[in-house]
Structure formats: C-alpha cells, structure tokens
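Counting from 3, one number per residue, gives the positions in the sequence shown under the working numbering. Please read the structure below before turning to the comments.
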Amino acid sequence: MASTQEQKEKFENEFQQIIDAAPVNVGSKWNGRYNWVDPPGKTVSQPKVDTVVNKLPAELKEQYEDLLNNFKHNRL
3 MASTQEQKEK FENEFQQIID AAPVNVGSKW NGRYNWVDPP GKTVSQPKVD TVVNKLPAEL
63 KEQYEDLLNN FKHNRL
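Structural data, given as structure tokens:
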C-alpha cells in the first residue's frame, strides 16, 4: 500500500488530468493547488474544488467521483 503522501500525489496528478480534459472555461477556475487541510474554522480549498467539480461534464465528474472513492479506500 502506498504511503499517505504517495496517495495524495497520485490523487493530485489524476485530478489534474481530469482538469486538463475539462473545457477551458472550467479548467481555468482551478488554481492548481489541492489544499489537504483547511485553516481552522475555514474551508478555503473545498469551495474551489466544488466550484470546478460541479461544472465538469458528466463523464469527467464521474471520473472524479471514482478517483475520490479510490483515494478514500487507499486504492490509488
């Protein structure tokens, strides 16, 4: 099983591939950084991720959900 850091790197790489495949108007909203831990009391990264993911075409949104599921179960 990969380490936590390796899992995060694989997740980030695959997420970037999904963003690269997205239409430009969606991909341009992504800041290129996946913040794993938000500052206390704030959710800095989640709104950005949600904004991008919610605008993905259905096929890419499905790929993201599979990626997220695989990450949660340490299967990357």
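Using N, Cα and C, we set each Cβ at its ideal position, and we do this for glycine too. Bear in mind that the values here come from a model prediction, so they are computed numbers and not experimental data.
- When secondary structure is reduced to three states using DSSP, Asn72 falls in the helix class.
- Taking C-alpha positions only, Leu69 is separated from Gly34 by approximately 17 angstroms.
- Ranked by how close their Cα comes to the Cα of Leu58, the residues Asn76, Gln19, Ala24, Phe17 have Ala24 in first place.
- Cβ contact annotation for Ile21 (same chain, cutoff 6 angstroms, sequence separation greater than five): Gly29, Trp32, in chain order.
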